[in-house]
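By our numbering, the letter at position 126 of the sequence shown is numbered 166, and the numbering carries on one by one without gaps.
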Amino acid sequence: MTDPVTTPRFVADHMLGSLARWLRMIGYDTIYDKGLDDKRMAELARTENRFLLTRDKELAKEPGALLLEQDDLDSQLKATGAKFGLKYNEDLIRCSTCNGDLLQLPKEEAKAVVPEGAYAGNDKFWKCSKCGKVFWKGSHWLGIMDRLKKLSLT
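Okay, structure coming up:
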């Protein structure tokens, strides 16, 4: 199991929203906020001991920054995964929307908030501690795992 204290944490610039969502899904604390300017992102990276992920050559001059010149998500994921030794960790997955911690939600509590088919087809549910969004491994999950395998992130 990955230690959350030594697991890399990130700040992603406004051009890396999809990458931020995927990093969260595989278990990495990733700040992404389109409203943050370069100065604030650099400050967050320094004060919170985060790596800065950017497509901006000037911002990439910051200590601990990774310049991602690739346009496509798969290449960005592969480059970030290779640089930081990232692997999918189900125990550390985060809310893909807001980066909040996901807490296991008892199945009986999920019944009122998930579609009937999702409730019937799943035993595990998670709820975001921050925004309240509920997650489960739906039909799209196999595609997500296939993509991660192809990118050597499992």
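Even for Gly, the Cβ is constructed at its ideal location relative to N, Cα and C.
By how many angstroms is the C-alpha of Arg-134 removed from the C-alpha of Leu-89? Strictly speaking, residue 89 in this sequence is Asn, with Leu absent from that position. Between Asn-89 and Arg-134, the alpha-carbon positions lie close to 18 angstroms from each other.
State the start and end residues of the unbroken beta strand (DSSP E) segment that holds Thr-94. Thr-94 -> beta strand (DSSP E) spans 91 to 94.
Give me the DSSP bridge partner(s) of Lys-167. Looking at the DSSP assignment, Lys-167 forms a beta bridge with Leu-143 and Val-174.
Three Cβ pairs or more, each shorter than 8 angstroms: is that satisfied between the region 88 to 108 and the region 44 to 59? yes
State buried or exposed for Thr-8, treating a residue as buried only when at least 16 other CB atoms are found within 10 Å of its CB. A question about residue 8 goes unanswered here, because the residues of the chain that appear run from 41 up to 194.
Cutoff 6 angstroms; reference Asp-43; Cβ partners in own chain excluding five residues on either side: Annotation note: pLDDT 46 at Asp-43 (below 50); position unreliable, no value reported.
Member of Lys-101, Met-81, Gly-172 and Gly-157 whose CA lies at the smallest distance from the CA of Ser-179: For Ser-179, the nearest C-alpha among the options comes from Gly-157.
Using DSSP with H/G/I as helix, E/B as strand and the rest coil, what is Ile-71? Of the three classes helix, strand and coil, the one that applies to Ile-71 here is strand, per DSSP.
Nonlocal neighbours in the same chain, by C-beta distance under 6 angstroms from Ser-136, ignoring five residues either side: Arg-61, Arg-64 and Met-65
Leaving out five residues on either side along the sequence, give the residues of the same chain with a beta carbon under 6 angstroms from the beta carbon of Gly-67. Result list for Gly-67: Asn-129, Leu-132 and Ile-133, in chain order.
State the Cα-Cα distance for the pair Ile-71 and Ala-160, rounded to the nearest angstrom. 34 angstroms
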